[in-house]
Amino acid sequence: MHELSRANLPIVQSRWTREQAVEYFRAQGQEDTVRLLTYRPFDYFDVYTCDGLSEYFYGGMVESTGEIESFALRFYYPGMVLLLPDEDLSGPPAPFVERPKLMRAYVEANACSKILQCENAADLNDIIAKGEARTFIRVSEAMQERAVAQIAERIVANGARVVFVAGPSSSGKTTFANRLSVQLRVSGKRPLAISLDNYYKNREYIPLGADGKPDLECLESIDVPLFNDQLVELLAGREAELPLYSFKTKRRLEQGVRLRVDGDQVLVVEGIHGLNSALSEEIPSELKYRVYVSALTQLNLDGHNRIRTTDVRLLRRMVRDARTRHTDVTATMAMWDSVRAGEEKYIFPYQEKADVMFNSSLLYEIAVLKKYAYPMLKSIPQDSPYYTRSRRLVKFLNYFKDCGDESEIPPTSILREFIGGCTFYDE
Numbered sequence: 007m008h009e010l011s012r013a014n015l016p017i018v019q020s021r022w023t024r025e026q027a028v029e030y031f032r033a034q035g036q037e038d039t040v041r042l043l044t045y046r047p048f049d050y051f052d053v054y055t056c057d058g059l060s061e062y063f064y065g066g067m068v069e070s071t072g073e074i075e076s077f078a079l080r081f082y083y084p085g086m087v088l089l090l091p092d093e094d095l096s097g098p099p100a101p102f103v104e105r106p107k108l109m110r111a112y113v114e115a116n117a118c119s120k121i122l123q124c125e126n127a128a129d130l131n132d133i134i135a136k137g138e139a140r141t142f143i144r145v146s147e148a149m150q151e152r153a154v155a156q157i158a159e160r161i162v163a164n165g166a167r168v169v170f171v172a173g174p175s176s177s178g179k180t181t182f183a184n185r186l187s188v189q190l191r192v193s194g195k196r197p198l199a200i201s202l203d204n205y206y207k208n209r210e211y212i213p214l215g216a217d218g219k220p221d222l223e224c225l226e227s228i229d230v231p232l233f234n235d236q237l238v239e240l241l242a243g244r245e246a247e248l249p250l251y252s253f254k255t256k257r258r259l260e261q262g263v264r265l266r267v268d269g270d271q272v273l274v275v276e277g278i279h280g281l282n283s284a285l286s287e288e289i290p291s292e293l294k295y296r297v298y299v300s301a302l303t304q305l306n307l308d309g310h311n312r313i314r315t316t317d318v319r320l321l322r323r324m325v326r327d328a329r330t331r332h333t334d335v336t337a338t339m340a341m342w343d344s345v346r347a348g349e350e351k352y353i354f355p356y357q358e359k360a361d362v363m364f365n366s367s368l369l370y371e372i373a374v375l376k377k378y379a380y381p382m383l384k385s386i387p388q389d390s391p392y393y394t395r396s397r398r399l400v401k402f403l404n405y406f407k408d409c410g411d412e413s414e415i416p417p418t419s420i421l422r423e424f425i426g427g428c429t430f431y432d433e
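In my numbering, the protein residues as written are 7 to 433.
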């Protein structure tokens, strides 16, 4: 790789017809790419050639191999990790951070995709084209429900009294917490949900972020002492008056909710700081169980093009915001970078502290989200600062067929949290 970089070989972009591309990649034995291009609704494709080798890539490319001078390659079973600079190509490679639990979650997700025989976009398109989507949805949902049930069984076996559910934006935390509560009931426990949102301080006591606005994502915005005191009281069997917070007035209501917890009850606490030990330092560790929820997309476009997990979460967020908050797609995009910055600071550093990771991604979801997200993205005008990002997502969605019939998606599916029809919210 260093020799290729020093050689400064040109990477040339050219436009091929569908017939040219299919013939070339079939001769190279890249049937996954052939099938991917077959489903693309275009007759011409941009192909990159370097030192006699041509390849199809989703996204832009540098103009020569010499532009990438700073990188590191590290063996990491069952493959390897390529480390590139964080900010620009001239900086040092990002340091390697060991994340065994996250890697295990990726390996498990990959195993599931192999079981379902759906490892790339073409596989999913084939399933839809053959009219097998309904069965595929059933099996995908059943596998995810089994994972939720297994987590509930571990919680009961460990004797945990407080379950913390945390994860990044649009990972499906709320629906997961509800489904976990159902499975805890199956295991003989009576769960009680507690939202960290109700422990927000009154707005004047919330620290300001770098932008001068209240930083609702920092731990200091939460009344941590009150949260700990009340959990201690509840676990001791004593009554506590839990607060209620109004996002309309940005203040705590005068009247809270009085609760008492019995010995067979499990507290399910949902909030972004659940994995941070500073949130619940008064609670003995043996009574706690931490679940990290994230959407680890296991699909690839083909063997050489991955799908960004953050892209799928952004699609989820766009669809949900438009449906529940009537938020314009550009408004969602405008806040996305800030949301991502908060995740990097307050969520991702703690993910390895989880007792278990739950992957909320569904193999079929992009084909469903496309129907909702595609017209939103196409509506963004060229003079918008978000046009480039929207075009990239439009190009990405063009690789997928529309799923069509959604009636097979269960009312308690993670996906229903975003597209609507989730019956948990009817209660």
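Yeah, the Cβ is synthetic: ideal placement off N, Cα and C, and Gly gets one too.
Count the CB pairs spanning the stretch 382-394 and the stretch 18-31 that are closer than 8 Å, and state whether there are at least three. no
Which of the three DSSP states is assigned to methionine 363 in this structure? strand
Glutamate 412, DSSP secondary structure in three states: coil
Out of curiosity, what's the CA-to-CA distance linking glycine 277 and phenylalanine 233? 12 Å
Taking the beta strand (DSSP E) that valine 171 belongs to, which residues open and close that run? 168-172
By a C-beta neighbour count over all protein chains shown, 10 Å radius and 16 as the cutoff for buried, is arginine 80 buried or exposed? Result: exposed.
Assign isoleucine 121 to buried or exposed, taking buried as 16 or more other Cβ atoms, counted over all protein chains shown, within 10 Å of its Cβ. Exposed is the call here.
Nearest CA to the CA of arginine 323: which residue from Met382, Tyr370, Val275, Arg296? Met382
According to the neighbour-count rule (16 or more other Cβ atoms, all chains shown, within 10 Å of its Cβ), is phenylalanine 253 buried or exposed? exposed
Spatial neighbours of tryptophan 22 within its chain, please: CB distance less than 6 Å, with the 5 preceding and 5 following residues excluded, ordered by chain position. Phe51, Val53
Inter-stretch contact at 8 Å, needing at least 3 Cβ pairs: the stretch 128-137 / the stretch 153-165: no
Round the Cβ separation of glycine 262 and leucine 273 to the nearest angstrom and send it over; I've been treating them as touching at under 8 Å. Contact doesn't hold; Cβ gap of about 16 Å is too wide.
Residue ranges of each beta strand (DSSP E) within the stretch 154-219, 3 or longer: 168-172, 196-201
Which residues does DSSP list as the beta-bridge partners of arginine 312? Asn306
Aspartate 38, enclosing alpha helix (DSSP H) - first and last residue: Following the DSSP letters along the chain, one finds aspartate 38 inside the alpha helix (DSSP H) bounded by residues 37-45.
Start and end of the alpha helix (DSSP H) containing valine 400? 393-403
Mind the definition here: the stretch 105-124 touches the stretch 359-376 only if three or more C-beta pairs lie below 8 Å; say whether that holds. Segments in contact, yes.
Between the Cα of arginine 395 and the Cα atoms of Ser60, Lys256, Gly65, which residue gives the shortest distance? Gly65
Segments assigned beta strand (DSSP E), at least 3 residues, entirely inside the stretch 92-137: Qualifying beta strand (DSSP E) stretches: none in this window.
Nearest-angstrom Cα distance between serine 176 and valine 238? 30 Å
Could you tell me the distance, in whole angstroms, from the CA atom of isoleucine 420 to the CA atom of serine 60? 39 Å
Per-residue burial, arginine 266 [other beta carbons within 10 Å of its own, 16 or more giving buried]: exposed
Would threonine 303 pass as a contact of valine 325 if the rule is Cβ separation under 8 Å? no
Which residue spans inside the stretch 264-308 form an unbroken alpha helix (DSSP H) run of at least 4? none
Of the residues Leu10, Met7, Phe182, Tyr356, the one placed nearest phenylalanine 424, counting alpha carbons only: Phe182
Does DSSP put tyrosine 356 in a helix, a strand or coil? helix
Residues bridged to valine 18 [DSSP beta-bridge criterion]: In the DSSP secondary-structure assignment, valine 18 is bridged to Thr55.
Look at the alpha carbon of isoleucine 161 and the alpha carbon of tyrosine 295, and state the distance between them as a whole number of angstroms. 7 Å
Can you tell me the Cα-Cα spacing of valine 400 and lysine 376, whole angstroms? Pairing valine 400 with lysine 376, the inter-Cα distance amounts to about 9 Å.
Alpha carbon to alpha carbon, how far is glycine 436 from aspartate 308? The question about residue 436 has no answer, for the chain in this structure spans 7 to 433.
Let's test the definition: count the other Cβ atoms within 10 Å of the Cβ of glycine 194 and tell me whether it reaches 16, buried, or not, exposed. Counting every other CB atom within 10 Å of its CB across the protein chains shown gives glycine 194 a total below 16, marking it as exposed.
According to DSSP, is alanine 328 part of a helix, a strand, or is it coil? helix
Is the Cβ-Cβ distance between glycine 173 and tyrosine 83 less than 8 Å? Judged by their CB atoms, glycine 173 and tyrosine 83 are not nearer to each other than the 8 Å cut-off.
In terms of residues, what are the limits of the alpha helix (DSSP H) holding threonine 80? One detail in the question is off: residue 80 reads as arginine in this sequence, not threonine. Looking at the DSSP string, arginine 80 is not in any alpha helix (DSSP H); the run it does join, the beta strand (DSSP E), is 78-82.
With respect to the alpha helix (DSSP H) encompassing valine 68, which residues constitute its N-terminal and C-terminal limits? Careful: valine 68 lies outside any alpha helix (DSSP H) and carries neither H nor E.
Between glutamate 358 and arginine 24, is the Cβ-Cβ spacing less than 8 Å? Not in contact: glutamate 358 and arginine 24 (Cβ atoms no closer than 8 Å).
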